[in-house]
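In mature numbering (1 follows the signal peptide of the UniProt record, and there is no 0), the protein residues as written are -20 to -1, 1 to 314. Since the structure comes first, as structure tokens, the remarks are kept for the end.
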Amino acid sequence: MKKRILLCFMAILGLSIACKEEGKADYLPESVGAMNTLTVVIDNDLWNSSVGDAIRENYTAAAQGLTWDEALFSVTQIPQQIFSGAIRNTSSVLYVMEDTLNVAHMKNNMYAKPQKVGVIKGLNKEELIANIHKTAPEFIADFKALEIGKAQKRFEKSLNKEKALEDKFDISMKIPSIYRVGREEDNFVWIDRQIQKGNMNIIAYTMPWDSFKNDSTFVQDIIKMRDSIGSLYIGGEDIPGKQNHMITEKAFSPYVFPAEISGNKAAEVRGIWEMSAYPMAGPFLTYIINDKENNRKLILEGFVFAPATQKRDYMFELEAIMKSVRFNVNEQNK
């Protein structure tokens, strides 16, 4: 009997703590901060030492697949005594300090929501540096996921209501209303938006389920697929005696990573596109998504043309849009 009473008490206590946590989150202010920005809270002396070098090595490394080097995050450093008031509402925070503890962990919604605060402590510089390097991949992924979610929530305020993706492929994405469907074919949809010095683009098409069977030729098969689609649908200005269309940059192979999109296994491909007969180029991001239920591979690609302009945030917006994809929307709407 006593054991049963104790278990009931522990269950009630756990529920009470959970309710308090939820209640706290309800009263937190909305987090702030520009896309892909990171506030690093660290004393000036540490920032100007090898500890700061370790932070910069990881968090301001060049983002992959861009036409020139741009940092993963735009970093702002502030000392601990200034980290107060509205500054604490920044959505992505890395807190680094020498302490009597040697710990490194990620905290959620400490001062605002949604918010990620990566906390790194160590007894000395060597421990801090080790913790910075050890946690960087996980922390970067967490910060990026937070930014993706925030972007998708912003998109919901004004969504494109065109049905081309739903009609052609039975999918939906959270696409801002500023984007417009520019071209539709039997197995191809092109959606774009104009920006100050160019345009941002999303294309969608499908491939047979048994495509890309040979791992040894996977990258080459991706390039052939992209170049074929470019030849069919993404042409440029006419060049006398030459066909001019989008191809994968010849000088460098694209980066390929495993991914998961909307619960489905996928391949993420980052690289540079160029025109076959004209000096134009820009970054692209392709997702090859396993859609076993529909016996196909769904291909989503975002690419940007914006000469002499930084493109990191443009590509990040396209990534957030494509990662919002949902399958079998016609079935769900019945």
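Every residue gets a Cβ at the ideal spot worked out from N, C-alpha and C, and that includes glycine. Just so we're clear, the structure is a prediction, and the values are computed from it rather than from any experiment.
**Request:** Whole angstroms is fine: what's the gap from GLU78's alpha carbon to ASN104's?
**Result:** 6 Å
**Message:** Taking 6 Å as the limit between beta carbons, can you name the residues of its chain near GLN312, skipping five residues before and five after?
**Reply:** none
**CA-to-CA distance, ILE58 to VAL21, given in whole angstroms** = 5 Å
**Asked** Quick one: any contact between the segment 232 to 242 and the segment 192 to 200, if contact means 3 or more CB pairs under 8 Å?
**Response** yes
**Request:** Under 8 Å Cβ to Cβ from GLU217, same chain only, skipping five residues before and after it: list those, please.
**Result:** ASN224, TYR258
**Request:** Please say whether PRO263 and LYS177 have beta carbons closer to each other than 8 Å?
**Result:** no
**Request:** Tell me whether ASN88 is buried or exposed, calling it buried when 16 or more other Cβ atoms sit within 10 Å of its Cβ.
**Result:** exposed
**Message:** For GLU106, tell me which candidate among GLY32, LEU52, ARG68 has the shortest Cα-Cα distance.
**Reply:** GLY32
**Message:** Considering only their Cβ atoms, is the gap separating ALA92 from SER11 smaller than 8 Å?
**Reply:** yes
**CB-CB length for MET226 against LEU298, believed under 8 Å** = Not confirmed; about 15 Å, so no contact.
**Message:** Closest to MET15 by C-alpha separation, out of PRO9, ASN38, SER72, would be which residue?
**Reply:** SER72
**Message:** Output needed for ARG246: all residues of its chain with C-beta closer than 7 Å, excluding positions within five of it in sequence on either side, in chain order.
**Reply:** It is worth fixing the name first, because residue 246 is Ala in this sequence and not Arg. Excluding positions up to five away in sequence, the list reads ALA239, GLU240, TYR267, ILE268, ILE269, ASN270.
**Asked** Just the Cα atoms here: how many angstroms apart are ALA131 and PRO220?
**Response** 43 Å
**Message:** With distance defined between alpha-carbon atoms, name the residue in SER304, ASN275, ARG276, MET260 nearest to PHE283.
**Reply:** MET260
**Request:** Pull up the distance between the alpha-carbon of LEU278 and that of ASN38, whole angstroms please.
**Result:** 33 Å
**Message:** According to DSSP, simplified to helix, strand and coil, what is TYR258?
**Reply:** strand
**Request:** In angstroms with no decimal places, state the Cα-to-Cα distance between VAL305 and ILE209.
**Result:** 21 Å
**Prompt:** Can you name the residues that DSSP bridges to ILE175?
**Reply:** GLY178
**Distance, TYR7 Cα to LYS(-1) Cα** = Low per-residue confidence applies at LYS(-1): pLDDT is 47, beneath 50, and the placement is therefore not dependable enough to give any value.
**Prompt:** Which residues bound the beta strand (DSSP E) around ILE227?
**Reply:** 226 to 228
**Prompt:** Ordered along the chain, which non-local residues of its own chain (more than five positions away) have a Cβ less than 6 Å from that of THR289?
**Reply:** LYS177
**Prompt:** With distances taken from CA atoms, which of ASN111, LYS303, ILE109 is nearest ILE155?
**Reply:** LYS303
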